[in-house]
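Worksheet: the structure to be examined is printed underneath.
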């Protein structure tokens, strides 16, 4: 396959809570190739968004260790000025809530124009306007000249997300981070946006990191998938392997807990307990062990590592070998709060 | 946008009407009338009664109100008993003085509030911010007339940097440049006294707006575009945070009225506020009524201005 | 007889404009909707934003004013004045809200939240009230000693259970659940969905389940209605809707659901293209000149589709 576009090595992002730093992203190592969609899957508190923000250098008050290697340069070590040359040009981001992500007091045209203006494109004002109209057409906005002068609140959710995408692709980035790009949208609009992202990826040959909690979206979009739990990657594999042969107990539980239109389950699997908060995360041993109490403690590794169980398929901890679902999925009534 | 302004102007009509009725009824409710304190006690009560009849003071209240309001609209607010001159003329001179004082105060208020609010909001939870919020707490707690007295004593009497009374030095020639300078010189100390106190609300409001806007998602979008920190502040945070300050303008104006009443008296500045307090003391009711009416109208105009400014700067209101 | 029968329900919202904010038009948020739910069943109302599904639910419970039509609950018309004043209706119909974070008053203890409906309808001594609240907590799978805690001490799934405890406190017959799990993580979502099915059996509850998530709807419902712009476009059993959709809008909606199997990507793409073509070609025969659905017509014992008279 083609060379790595982005290489994340041992990235740890910690937040300060009352004089102590707690790692929300814990020792993550990942690569993204050109023209590849890497999906990062997890529930809230898994650290997936914190990871994306670290890659873009958007955290203002976090301690970041490790390397984020983009084309031979380490983003973690970059000065703010250097970082601003990369952001919006080489790499850009699509956000979850398209209304909140647009400045309510600026017309759409100026918001897209700004990203052209910021990165010395050598275009005149008139050329920039043409480029903005081109971009609006490219993301499928029917009346670009009209939309250029509109304010965000005048557009529908799907149209706003198209504007956000137009901003993200304006300078032809090599890397695109999409943080839950369709969570706020209706299902038919979601499909349109996902297809747009796929098409743009082909056009630009860009690498995409797709952050989502929706396994359906992952199966539609991803080439490879990294599953995150409590700040760590617990499983990485290509999409076909991950959906047909998931190994880590967390991945398997997730697949069993979603209702789908295809297969009607009599009961959904419930993962026991709750995601521990950042402060109360177990820092030693298998972090998922507490949620599978019926699995013997000896099944877990003392210091769980990612094991390559097949080429390109990594699973954390040894507990996957001994994992089985409990005989009965009856858990309601077990989780009072600690 | 024009629709909003026209609608807003139309709303003003019943507001002013209600206000004038209230003011009129309040004046009526005060003990005595125009003839009570004016006349020689030796005059025959029957003659006084005849005079009352002639002046319309025995008419039902709505007729009296109609006479009063139709005169007022034509610029006749009655006679001052104390100064023996038409109220309109009396207020006219002083209104200009008060307007100048208010304008100076407003300028100073924003000159203080905007930089302090921005500093405090941008660098929140630093020592600078704590110092500024500390000042705003003191500003909220300290009564204006005490601050004004301290300012007068310190900068007027002790250091003698500023004049301690009047609106212009005796002998200055109206129209000349030095006359204007002299007026400004007389304005500064009273205006600053009010501004130091009334500005604290705006400082805190701006600070909170900035801290709030800083955490909005579109600020992330701006950073992700590669905008520098200063651009993020100037183009996105400040613009959006200053907008609600415009809406605050009306309240600012209301606060100003209260401010000028005290400060004009303390600095013996010949404005409406000083006249107002003076007229209350000597029961010069025509003057008091007229000034209350004017203050009421000023407040209504203030909130009108706020709404219009807001409708101009906020597209969400402008277009609807 | 159906427990709930909605006939020709209309909910219109005025549009105001002009200099004096006169009413210049109206939005027909719900435009002649009919539905019936048998006791103990779950009826799923599906649609995208603006389809009127939430407004329908809110109108049934009385949170939106009804413009026309009738809502028969156990035969009594809730739309007529006075019917709602009868205590049994307000007890028998309860609602579960979407957002477990904003639907619980943060300043109230769990006890007060759960006991609020009890206080409105039953005169219990404080001891009885406490015992009842603890029972309800245990019924929704939370430990009874949580009764004096505040909402912020609970996770999203636990809060939604507190919301459910409040809804079942008066032993209602009908629960209107408006997107009850869409604010929750997938694993928590499973927990709440399982639980809703358990208490349905236990208390013989009837649900009107409102959601935009077709996977959840299929999992939960006995009967499904698809809404578009305030009208029904199709209604039937889950098999009717998912295996044999007849209206092009339903087809397009189902085709848009992300598929969990990546091996089917190519097949899906071909399928979606053909559905999209069909949608464009058959649009005129499925919608009237205003782009609205026709009235529902039966095509089998269980299956109804919005089609013009002849067709």
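Residue numbers (the working numbering), protein chains in the order written: chain A, 1 to 338; chain F, 1001 to 1320; chain G, 2001 to 2311. Using N, Cα and C, we set each Cβ at its ideal position, and we do this for glycine too. Just so you know, these numbers come straight off a predicted model, no measurement behind them.
Identify every residue that forms a DSSP beta bridge with residue i.
i: residue 1125(F); result: None; residue 1125(F) has no bridge partner.
i: residue 2235(G); result: 2225(G), 2304(G)
i: residue 2045(G); result: 2210(G), 2225(G)
i: residue 2073(G); result: 2004(G), 2076(G)
i: residue 207(A); result: 175(A)
i: residue 93(A); result: 177(A)
i: residue 7(A); result: 31(A), 69(A)
i: residue 74(A); result: 69(A)
Going along chain A, which residues have a C-beta under 8 Å from residue i?
i: residue 2259(G); result: 216, 219, 220, 262
i: residue 2193(G); result: 259, 268
i: residue 1240(F); result: 103, 104, 105
i: residue 2167(G); result: Within chain A, no residue comes near residue 2167(G); the closest Cβ sits about 16 Å away, beyond 8 Å.
Strictly below 8 Å CB to CB, what residues from chain G border residue i?
i: residue 97(A); result: None at all; the shortest Cβ gap to chain G is about 14 Å.
i: residue 265(A); result: 2219
i: residue 117(A); result: Those within 8 Å of residue 117(A) in chain G number zero; the least Cβ separation is about 34 Å.
Do residue i and residue j have their CB atoms nearer than 9 Å?
i: residue 40(A); j: residue 212(A); result: yes
i: residue 2292(G); j: residue 2246(G); result: no
i: residue 296(A); j: residue 269(A); result: no
i: residue 1224(F); j: residue 114(A); result: no
i: residue 1271(F); j: residue 1095(F); result: yes
i: residue 2070(G); j: residue 2173(G); result: no
i: residue 1202(F); j: residue 1140(F); result: no
i: residue 3(A); j: residue 208(A); result: no
i: residue 2195(G); j: residue 2214(G); result: no
i: residue 214(A); j: residue 188(A); result: no
i: residue 1244(F); j: residue 1209(F); result: yes
i: residue 2316(G); j: residue 2052(G); result: This structure does not reach residue 2316(G), given that chain G is present from 2001 up to 2311, and the question cannot be answered.
By a C-beta neighbour count over all protein chains shown, 10 Å radius and 16 as the cutoff for buried, is residue i buried or exposed?
i: residue 330(A); result: Its pLDDT being 45, under 50, residue 330(A) is placed unreliably by the model, and nothing is read from it.
i: residue 48(A); result: buried
i: residue 1105(F); result: buried
i: residue 1002(F); result: exposed
i: residue 1050(F); result: exposed
i: residue 1153(F); result: exposed
i: residue 334(A); result: Low confidence applies here, because residue 334(A) scores a pLDDT of 39, under 50, leaving its location unreliable; read the following figure in that light. Answer is exposed; the Cβ neighbour count stays below 16.
i: residue 1315(F); result: buried
i: residue 1(A); result: Below a pLDDT of 50, predicted positions are generally treated as unreliable, and residue 1(A), at 47, falls in that range; no measurement from the model is reported.
i: residue 2282(G); result: exposed
i: residue 11(A); result: buried
i: residue 1029(F); result: exposed
i: residue 1102(F); result: buried
i: residue 2134(G); result: buried
i: residue 337(A); result: Confidence in residue 337(A) is poor, its pLDDT being 37 and thus under 50, which makes the residue's placement unreliable; the coordinate value appears in the next sentence. Burial call: exposed.
i: residue 246(A); result: buried
i: residue 996(F); result: The requested residue 996(F) is not part of the displayed model; chain F covers only 1001 to 1320.
i: residue 1047(F); result: exposed
i: residue 2266(G); result: exposed
Whose Cβ in chain A lies nearer than 7 Å to the Cβ of residue i?
i: residue 1244(F); result: Near residue 1244(F) there are no residues of chain A at all, since even the closest Cβ is about 12 Å away, more than 7 Å.
i: residue 1124(F); result: Chain A residues near residue 1124(F): none, gap ~12 Å exceeds 7 Å.
i: residue 2262(G); result: 219, 239, 240, 243
i: residue 2252(G); result: 188
i: residue 1315(F); result: 105, 151
What residues of chain A sit near residue i, judged by a beta carbon separation below 9 Å?
i: residue 2271(G); result: The premise fails here: residue 2271(G) is roughly 12 Å from chain A at the closest Cβ pair, so nothing lies under 9 Å.
i: residue 2265(G); result: 219, 220
Please compile the residues from chain F whose C-beta is within a distance smaller than 8 Å of the C-beta of residue i.
i: residue 252(A); result: Per Cβ cutoff of 8 Å: no residues; residue 252(A) is ~34 Å from chain F at best.
What residues from chain F crowd round residue i, counting only those whose CB sits closer than 9 Å?
i: residue 159(A); result: Result: empty, since nearest Cβ-Cβ is about 16 Å, beyond 9 Å.
Which chain F residues sit within Cβ distance under 7 Å of residue i?
i: residue 40(A); result: In chain order: nothing, as chain F lies at least about 17 Å away.
TODO: Could you name the residues of the stretch 2195-2226 of chain G whose beta carbon sits closer than 9 Å to any beta carbon of chain A, in the order they occur along the chain?
DONE: Residues passing the 9 Å Cβ filter: 2195, 2197, 2198, 2212, 2213, 2214, 2215, 2216, 2217, 2218, 2219, 2220.
Task: Interface residues of the stretch 1216-1238 of chain F facing chain A [CB-CB below 9 Å] - done: The residues in question are 1216, 1217, 1218, 1219, 1220, 1221, 1222, 1223, 1224, 1225, 1226, 1227, 1228, 1229, 1231, 1235, 1236.
- [ ] With 9 Å as the limit, tell me which residues of the stretch 5-25 of chain A have their beta carbon closer than that to any beta carbon of chain F; keep them in chain order.
- [x] Going along the stretch 5-25 of chain A in chain order, one finds no residue with a Cβ nearer than 9 Å to chain F.
TODO: Quick one: which residues of the stretch 2173-2190 of chain G get their C-beta closer than 7 Å to a C-beta of chain A? List them in chain order.
DONE: So the close ones are 2185, 2186, 2187, 2190.
TODO: Could you run through the stretch 2018-2040 of chain G and flag, in chain order, every residue whose CB is less than 8 Å away from some CB of chain A?
DONE: Per Cβ criterion, the list is empty.
Open item on the list: Along the stretch 198-214 of chain A, where does the CB come closer than 9 Å to a CB of chain G? Name the residues.
Closed with: Residues 213, 214.
TODO: Can you give me, in chain order, the residues of the stretch 2110-2141 of chain G that have a beta carbon less than 7 Å from any beta carbon in chain A?
DONE: Cβ contacts with chain A: 2141.
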